[in-house]
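Now the structure itself:
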């Protein structure tokens, strides 16, 4: 009998701890979940007022305001873009349920070895949950909410739907949201036509889009894209030969409004559009008769602007507003 008393004591205290642990767990869940956002409907993409000025060839000269491109269905997203993103951000995306325990453990070990934060453990689903519903606040409660929302997203949507949401809404720097806007801004064409080198560069921006945006830090973006290519080789998504070819052909940036003359020109075009159009949130695209933003024009050259149409991308009817031809002398 005396030998049984210690066992009974252990069982007694174990039961006490179990009960109190359960109570604490329930209270913690209530504390975390009571102010979670309504996840029954996903918030729509932003409808901020934007103006995009383009050349006669369709090259983007300047963007004003947050830029959101065309929404691409999963089937329209190049496979190379998906593989580049998964290789650098979430290799086990198709094998976890929103939270990757192995990934978290790997990140912890990597950070301990580096003596600081060198690698994150958040999955793409967690990143999407944060972008859709949460603020950028860093706290234990917000992280727990992120985990709960990621689990909910995985139950409510397929992997393909989650990837589609992510790639159409993630920030890529320079005011661009979504791969189509980023591709148009940086490379001058739709994301449907992304090459391996271009996809690697865009996938690399997700980590630090403001710092790595190639429009002002091309060297940093290129260095990061090389890491993406190495990750794609490591995961077996591409061959080493394909990666070498992409490295040897860095993607050129689209003709843009980097020059002061072009910026003066686009600022004037925007001011004229604001004076003539009462455009709503969602923005307009202005087509000009400028052939090439890199072409050197003589001083006092008169550049006609044939703003024949400005499409209201925010309108479901896709209306076009006619504008009178205009000209402006610029340097």
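Residue numbers (the numbering used here): 79 to 409.
Note that beta-carbon positions come from the ideal geometry of N, C-alpha and C, so glycine has one too.
Tell me which residues share the same chain as residue i and place their Cβ nearer than 7 angstroms to its Cβ, disregarding the 5 neighbours each side in the sequence.
i           : result
residue 266 : 137, 138, 332 and 333
residue 439 : One cannot answer for residue 439 here, as it falls past the ends of the chain, which runs 79 to 409.
residue 232 : 175, 176 and 203
residue 92  : none
residue 327 : 275
residue 88  : none
Do residue i and residue j have their CB atoms nearer than 7 angstroms?
i           : j           : result
residue 263 : residue 131 : no
residue 228 : residue 284 : no
residue 129 : residue 274 : no
residue 168 : residue 202 : yes
residue 321 : residue 311 : yes
residue 253 : residue 145 : yes
residue 368 : residue 214 : no
residue 154 : residue 270 : yes
Could one say the Cβ of residue i lies closer than 7 angstroms to chain D's Cβ atoms, at least one of them?
i          : result
residue 84 : Absent here is chain D; the protein component of the structure consists of one chain.
Since residue i and residue j are thought to touch, with beta carbons under 8 angstroms apart, how far apart are those beta carbons, to the nearest angstrom?
i           : j           : result
residue 411 : residue 237 : Nothing can be reported for residue 411: it is not among the residues displayed for the chain, which extend from 79 to 409.
residue 206 : residue 243 : 6 angstroms
residue 210 : residue 150 : About 18 angstroms; that fails the 8 angstroms criterion.
residue 307 : residue 324 : 6 angstroms
residue 170 : residue 183 : At roughly 12 angstroms, the Cβ-Cβ gap does not stay under 8 angstroms, so residue 170 and residue 183 are not in contact.
I'd like the list of long-range same chain contacts for residue i, defined as Cβ closer than 8 angstroms, with 5 residues on each side in sequence excluded.
i           : result
residue 272 : 156, 158, 159, 257, 261, 265 and 280
residue 299 : 279, 282, 283, 290, 291 and 292
Cutting at 6 angstroms between CB atoms, please list the residues of its own chain near residue i, excluding the five before and the five after it.
i           : result
residue 148 : 258
residue 315 : 161 and 165
residue 330 : none
residue 303 : 278, 279 and 282
residue 251 : 283, 287, 288 and 291
residue 152 : 238 and 242
* Start-end ranges of the alpha helix (DSSP H) lying completely within the stretch 202–265, minimum 4 residues -> 202–211, 218–234, 237–247 and 257–265
* Considering only residues of the stretch 146–183, which uninterrupted alpha helix (DSSP H) runs meet the minimum length of 4 residues and lie entirely inside it, listed in chain order? -> 157–167
* Asked: Looking at C-beta atoms only, is the number of pairs between the stretch 285–293 and the stretch 232–247 that lie closer than 8 angstroms three or more?
  -> no
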